[in-house]
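Numbered by the numbering used here, the letters in the sequence shown go through residues 10 to 166 in order.
Every residue gets a Cβ at the ideal spot worked out from N, C-alpha and C, and that includes glycine.
Structure first, then comments.
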Amino acid sequence: MVSKYEVAWTLAVVGLLAGVAAYSAVLLYHIDSLGDPGEYVDVIGHQWFWEFCYPANGTCYNSTYTPPTTENGLGSVSGGALWATPGEVVQINVTSDDVVHSFNIPNLGVRIDAIPGRINLFQFTVPTVTPGTEYLIQCTEFCGTFHGTMRSFLVIT
Ligand SMILES: [Cu+2]
C-alpha cells in the first residue's frame with residue numbers, strides 16, 4: 010500500500026531535481042556563449058614555437074624566440090607576435106600541430122591548452138596601455154627539449 014505521503018515526497022523530489030537540472034542547463038549554455046570579438050587570432054602550437062594567424066587578412070607568422078643576453082631582459086621575438094590594439098576584445102582559437110602545449114599570458118591571467126585535433130576558444134580584453142607594451146607568452150605544458158624557449162609576446166599596437 011503506497012501512502013499519499015510517499016507519492017507527495019517522491020513528486021517533490023522529482024520537481025526539485027527537474028528545477029535544478031533546468032537551471033544548470035541554462036547556466037551552462039550562457040557560460041559557454043561568447044560575445045562578438047573585435048579580432049580573431051588563430052594560435053597554433055608547434056615544437057617549439059607559436060604560430061599566429063590573422064584570418065582578417067589571411068596572414069600567418071611564426072614567432073621565433075631569442076633568449077636575453079642580459080640578466081634582466083625578457084629576450085626578443087622575431088617573425089611574428091600576437092598583435093592587438095588596446096581595449097579590443099580578442100578571440101584566440103588555440104590548437105596544436107604536434108603535442109599538447111599550453112598558451113599562457115601570465116600577466117593577463119590567460120591560459121588555455123593547445124591540443125592537437127581540437128580548437129579551444131578563449132576571449133579576453135586587451136588592457137588599455139601604451140602602444141608598444143609587451144606581455145610575455147609562455148608555453149606552460151612541458152612539450153619537449155626546447156619547451157622553455159617556446160615563448161612569444163602579446164604586443165600592444
Ligand atoms: Cu609547448
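Burial state of C152 is buried, judged by a 10 Å Cβ sphere holding 16 or more other Cβ atoms.
DSSP, reduced to helix, strand and coil, places E143 within a strand of the structure shown.
In this structure, Q132 and V164 do not form a Cβ contact; the two beta carbons are roughly 19 Å apart against a cut-off of 8 Å. Look at G54: its beta carbon is less than 7 Å from one of the heavy atoms in ligand 1. Taking the Cα positions, N71 is about 19 Å away from E48. Collapsing the DSSP output to three states places L83 in coil. Secondary structure note for S33: its alpha helix (DSSP H) is the uninterrupted segment 13-41.
By the Cβ criterion, the region 125-139 is not in contact with the region 16-30, since fewer than three pairs of Cβ atoms, one from each stretch, lie closer than 8 Å.
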